[in-house]
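Take a look at the structure set out below.
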Amino acid sequence: MRARDAAHLALLLLAHLLPPGACDVAGGAGSVNALPAGGAGARLAPSFDAATPRNVTALVGKSAYLSCRVRNLGNRT
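Just so you know, the sequence shown maps onto residues -23 to -1, 1 to 54 in mature numbering (1 follows the signal peptide of the UniProt record, and there is no 0).
Following this line, the structure appears as structure tokens:
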């Protein structure tokens, strides 16, 4: 197994073993429902959608695509 293949496999295994909410941004799990300090008119910070499927199937030596949904992205890229 080449080093690159081993690294890809390690990343896939790590992504699969992360606990739910481990990829949440700015405050951890539940931060999507919190209002920012700016009041009701302020926008929520972007965060990863916890409902994204966590099952990943991949072949060694092939590209694997991990789906990722971001909520409240607005006009940011």
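Here a beta-carbon is modelled for each residue, glycine too, at the ideal position from N, C-alpha and C.
Computed from a predicted model, the values in this text were never measured in an experiment.
Please report the distance separating the alpha-carbon of residue i from that of residue j.
i	j	result
residue -22	residue 21	43 Å
residue 51	residue 25	13 Å
residue -15	residue 53	31 Å
residue 36	residue -17	13 Å
residue 48	residue 29	11 Å
residue 39	residue 45	19 Å
If residue i and residue j are in contact, beta carbons under 8 Å, what's the gap, nearest whole angstrom?
i	j	result
residue 41	residue 33	6 Å
By DSSP, does residue i sit in helix, in strand, or in coil?
i	result
residue 53	coil
residue 48	strand
residue -20	helix
Which residues does DSSP pair with residue i in a beta bridge?
i	result
residue 24	48
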